Each structure stands twice: as structure tokens, then as C-alpha cells.
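Asker: Residue numbers for the sequence shown follow our numbering, so the first one is 362 and each next one is one higher.
C-beta: ideal position from N, C-alpha, C; glycine also.
What you are looking at is a predicted structure, and each value in this text was computed from that prediction instead of being measured.
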Amino acid sequence: MNIKIASPANARLKIARSLHSRSGILKHRLFLMEGPRFVFDYMNREKPEWVFISEEASPHSRAVAEKALESNTEVLELPGKLFAGISDTEVSQGITAVCPLPEVNIDRIPRSGVFLLLDGISDPGNMGTIIRSAAAFGCSSIVAGKGSCCPFAPKVTRASAGMISVVPIEFDSDLVSFMKNNAEVIEFLGANASGEDIGNVRPLGSCTGLVIGSEAHGISVEVAEHVNRMVSIPMVQGVDSLNAAVSASIFLYHFTEAAADGKKVLSDKKQR
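#1: I need the DSSP call for residue 459, collapsed to helix, strand or coil.
#2: Using the C-alpha atoms, what's the distance from residue 394 back to residue 450?
#3: Would the region 405-424 and the region 490-502 be scored as touching if the rule is three or more Cβ pairs under 8 Å?
#4: Taking 7 Å as the cut-off, is the C-beta of residue 460 nearer than that to any heavy atom in the ligand FAD?
#5: In whole angstroms, what separates the C-alpha of residue 547 from that of residue 591?
#6: Could you spell out the range, first to last residue, of the beta strand (DSSP E) harbouring residue 556?
#7: Take residue 570 as the anchor and find which of 386, 513, 372 and 617 has the nearest alpha-carbon.
#8: Using the C-alpha atoms, what's the distance from residue 453 back to residue 366?
#9: Since I believe residue 580 is in contact with residue 553 (beta carbons under 8 Å), could you give me their beta-carbon distance rounded to a whole number of angstroms?
#10: Report the rounded CA-to-CA distance for residue 414 versus residue 551, giving the unit in angstroms.
#11: Using the Cα positions of residue 376 and residue 385, report the straight-line distance between them to the nearest angstrom.
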């Protein structure tokens, strides 16, 4: 049975409204996931703290809310006007989950595969698309540096198609410190138009750190000093750049495939 809320002063409603900001997300260690498909997919992996449903919710959203109730997740029903105060979409389907912020200890993640380092990715749409691609291509972890937008902001979780909880993400990180501390076990490759053609690049070790710079300025000088090699995507004459999310997706596909090939070669050698 849904719990009905009519007051805008409700404590949980206040918390939900604060989760549109980085400070609110960090204070409460919670984030929002909106939309029936994304909430449903999330519930197949994790358990939300609670779910909000609008009185004007779509049938699909109501079916997802029933699923939440079956898994003993509390469902709070709101008038449409109150729900609009927590929604981040112009045309909402009337369901939002409040989810626990994942606790990530980057030091405990095995140094293998591809670590994605984001240096100043400020656009939420790009951040979400990059996270979605990282999940699709089996990225080991994402390390978002200071100056990047919050990966758990509502616009990002929506752009990620709900994949935000699939890949371990550490954010507000000091990328230079991370690179210094892992220089012996991770080869850092930086995305740069003047770099080596990725078709000619294969990882030297079992762990690759792929560095993607900001949309406007690329990789910062401080971070670039700790990059082992710069790499680029070949393009036809007259085109010299790609959207940051598109570039990251292509690089991720290439280097996760290369990492998988490397593991296969090592496995074949051991079997011999």
C-alpha cells in the first residue's frame, strides 16, 4: 500500500529536492533515479531507499511501483504538483527512486582492464553518455576528477540510461595523485588529436588508464604531465575533433577490446 503525502514540508520530500545539487547528494549520500525503465532496471541490481509515485503516474510507472512494494521498498504517493518539484524532466512519467550513493574504495579495485579518468567533463549529458558506454564495454572503474560535474546529478543519471550503479565511480578525485600512486601498475593514455593513431596502439600491461579531457580545453597541463602516451582517433581531412562522449566511447571500445585480447593471449600461453 502506498503512503500518501500531501505536505511540501514532508522530510523525505525535502531530502529529495536537495538531491538536485552536489552538496545535497554528498550530505545525504543519496541520489535520484527517474523514469519507470531506469527505476525498474536499478531495482534488479540494487534496492532503493524509497520510491516516489505521482498521482498522475503512467500505468508503466504504477506497475514498477507495485514491484517496489513487493520487494519491501516504501512507496510514497504525491500529488502531481509536489512530484513536479522533484522531477527533472519536462514530461515525467511520474516515478522517481531515491537510491543510496555507492560506497567506492578505489584502492580495493583490482588494477586490470580499463580505468577511465575524466579531467573536467562538465556537461551532464556527456558525463551520462560516457558512464553508459563505460558500463557497456566493461570498464573497470571511473575516476572523475575535481572540476567534472557530479556523476550522480539527476541529468547525469538520466543520460546514463540508469547505468550509474553498474561501474564503480569515484568522483571529486585528485587525478594527479591517483596517477602518481598508480604509475607502476597503470599505463596512462591521454586522448589528444595530435596523439598516436589508436589503431597502432596496444596496452603495454594488464591495466590501462584512459584519460579524457574537458570539452573545451582537453586534458589539463597538470594531468598531461603524468600521461605515458597521447592517442588519437583517425578522422577524414577537414574534421579535427569529436564530441567528448563520442570520443570516450570509441576509445573505451578499442581499449577494452585490446585488454580482453591481452587476457586471452596470457590465458593461451598458460594453457600451453
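Answerer: Taking the definition as stated:
#1: strand
#2: 11 Å
#3: no
#4: This structure simply doesn't include the ligand FAD, nor any ligand for that matter.
#5: 14 Å
#6: 548-558
#7: 617
#8: 19 Å
#9: 7 Å
#10: 44 Å
#11: 8 Å
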